[in-house]
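First up is the structure itself, then whatever we jot down about it.
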Amino acid sequence: MLHLIQAMVHPIEIKGKHFYDSVTNKPVWVDYQPGGASGVSEQADPLSNPSACARDIALFQELEINTIRVYSVNPDLNHDKCMTLLATAGIYLVLDVNTPLEGQHLNRNEPWTTYTSNYLIHIYNVVNEFSGYNNTLAFFAGNEIVNDEISATHSPIYIKAVIRDLKTFIKESDMRQIPVGYSAADDLSYRIPLAKYLECFENDPIELVDFYGVNTYQWCGEQTFFTSGYNKLVKDYYDYTKPIFFSEYGCNEVLPRVFKEVGPIYSSKMIDVFSGGLVYEFAQEPNNYG
15 MLHLIQAMVH PIEIKGKHFY DSVTNKPVWV DYQPGGASGV SEQADPLSNP SACARDIALF
75 QELEINTIRV YSVNPDLNHD KCMTLLATAG IYLVLDVNTP LEGQHLNRNE PWTTYTSNYL
135 IHIYNVVNEF SGYNNTLAFF AGNEIVNDEI SATHSPIYIK AVIRDLKTFI KESDMRQIPV
195 GYSAADDLSY RIPLAKYLEC FENDPIELVD FYGVNTYQWC GEQTFFTSGY NKLVKDYYDY
255 TKPIFFSEYG CNEVLPRVFK EVGPIYSSKM IDVFSGGLVY EFAQEPNNYG
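Residues 15 to 304 (the numbering used here) make up the sequence shown, in order.
Below you can see the structure in the form of structure tokens.
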């Protein structure tokens, strides 16, 4: 049954600067993400509770959401039921391979202390657990690891190493070639240099990032394409050779959140550069972004 339902959704491929349905050739726009960044433990994660998944997927369908992002999972748990429910609803998953738990993420300031064999085993297990689902769209190798001068000095080479390691593992395991990317903080000092660094390679093309996500909260309330700085984002990334999208967006400094940016994101002003975006976030938590 799982195989039959998974066949209802087609794997996603990268063509040029965009994601496409591998069968219909239609573009897929990433749209949303559920829950919080750290809802993971030995007992549960956002995709291990079928009743919670069924409840939320009904809302996803009402909102016509076709892609969610989940930040943390436990690869030792069973995810068949939730992934099948998502597939039945035609919903894809963009998944972070890291978690906040000890040994399951890079220390941004001293990454050499956490880039260990146990860490690699964890991220490989995440990929292995989710690679068999057709609706697994992509993996994030990291999220906002570079966010200040210290992390910008030490972390980029390790981010690229994790991307290389994941892509090598996928290739050598003879599994579907699921894209591996990175989700960056929208910091004016680092966003373009890091994007360019991950776009190039020194020894092997397998080091290249497959796509790039930008977490941006520039557009607040009644701002416009120009006053928000979105025009500058389009200009900055216009020549980027990899698919790029907003891996988080949705300012909460002006309430209620009116999301005036959604129209421009999916308009001719931006769609040739950005492949949509993930609204942050589905659940209301202490950070007040739900």
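We put the CB at the ideal spot given by N, CA and C, even for glycine.
Span separating the alpha-carbon of M8 from that of T150 = As shown, the chain starts at 15 and ends at 304. That puts residue 8 outside it, with no answer to give.
query = Where DSSP assigns a beta bridge to K29, which residues make up the other side?
reply = Locating residue 29 in the sequence shown gives position 15, counting from the first residue. Note: K29 sits in a beta bridge opposite H32.
key: Burial state of Y147 (16 or more Cβ within 10 Å)   = Counting from 1 along the sequence shown, the entry for residue 147 is found at position 133. Buried is the call here.
message = Could you compute how far the alpha carbon of I258 sits from the alpha carbon of Y196?
response = For the purposes of this step, residue 258 is identified with residue 244 of the sequence shown, where counting begins at 1. For the purposes of this step, residue 196 is identified with residue 182 of the sequence shown, where counting begins at 1. For I258 and Y196, the distance between alpha carbons rounds to 10 Å.
message = Suppose the cutoff is 6 Å on Cβ atoms and the five residues either side in sequence are ignored; what does the same chain contact list for H119 look like?
response = What you label residue 119 is simply residue 105 of the sequence shown in a count that begins at 1. N112, listed in sequence order.
task = Would you mind sorting R83 into buried or exposed? The rule is 16 or more other CB atoms within 10 Å of its CB.
result = Position 69 of the sequence shown holds residue 83. R83 comes out buried.
query = What are the uninterrupted segments assigned as beta strand (DSSP E) that are 3 or more residues long and contained completely in the region 76-141, given in chain order?
reply = 81-84 and 106-110
ask   = When you compare each of F33, F225 and C67 to F296 by their alpha carbons, which one comes out closest?
value = The count along the sequence shown starts at 1 and reaches residue 296 at position 282. Answer by Cα proximity: C67.
message = Classify N217: buried if its beta carbon has 16 or more other beta carbons within 10 angstroms, exposed otherwise.
response = Residue numbering aside, residue 217 sits at position 203 when the sequence shown is read from its first letter. Label assigned to N217: exposed.
query = Is L180 closer than 8 Å to F215 when the C-beta atoms are compared?
reply = The sequence position of residue 215 within the sequence shown is 201, counting from 1. The sequence position of residue 180 within the sequence shown is 166, counting from 1. Contact flag unset, no.
ask   = Would you say N266 touches the ligand FMN, meaning its beta carbon is less than 7 Å from a heavy atom?
value = The ligand FMN is not among the ligands present in this structure, which contains no ligands whatsoever.
inquiry  = Quick check: Y252 and V276, are their CB atoms within less than 8 Å of each other?
reply    = Counting from 1 along the sequence shown, the entry for residue 252 is found at position 238. Counting from 1 along the sequence shown, the entry for residue 276 is found at position 262. It is not a contact, given that the beta carbons lie outside the stated cut-off.
ask   = Since N229 and E158 are thought to touch, with beta carbons under 8 Å apart, how far apart are those beta carbons, to the nearest angstrom?
value = Working through the sequence shown from its first residue, we reach residue 229 at position 215. Working through the sequence shown from its first residue, we reach residue 158 at position 144. Rounded, the Cβ-Cβ distance is 6 Å, consistent with contact.
inquiry  = Under 8 Å, with one C-beta from each stretch per pair, do the region 200-213 and the region 60-76 reach the 3-pair mark?
reply    = no
request  = State the start and end residues of the unbroken alpha helix (DSSP H) segment that holds A209.
outcome  = Taking the first residue of the sequence shown as position 1, residue 209 is located at position 195. Taken as a continuous stretch (DSSP letters only), the alpha helix (DSSP H) holding A209 covers R205 to E213.
Buried or exposed by the 16-neighbour rule on C-beta atoms within 10 Å, applied to I192 = Locating residue 192 in the sequence shown gives position 178, where the first residue counts as 1. Buried: at least 16 other Cβ atoms inside 10 Å.
ask   = Hey, would you say L292 sits closer than 8 Å to S242, going by beta carbons?
value = Translated into positions along the sequence shown, residue 292 becomes position 278. Translated into positions along the sequence shown, residue 242 becomes position 228. No. Outside cutoff.
Burial state of D59 (16 or more Cβ within 10 Å) = On the sequence shown, position 45 is the one that residue 59 refers to. Per the 10 Å Cβ criterion, buried.
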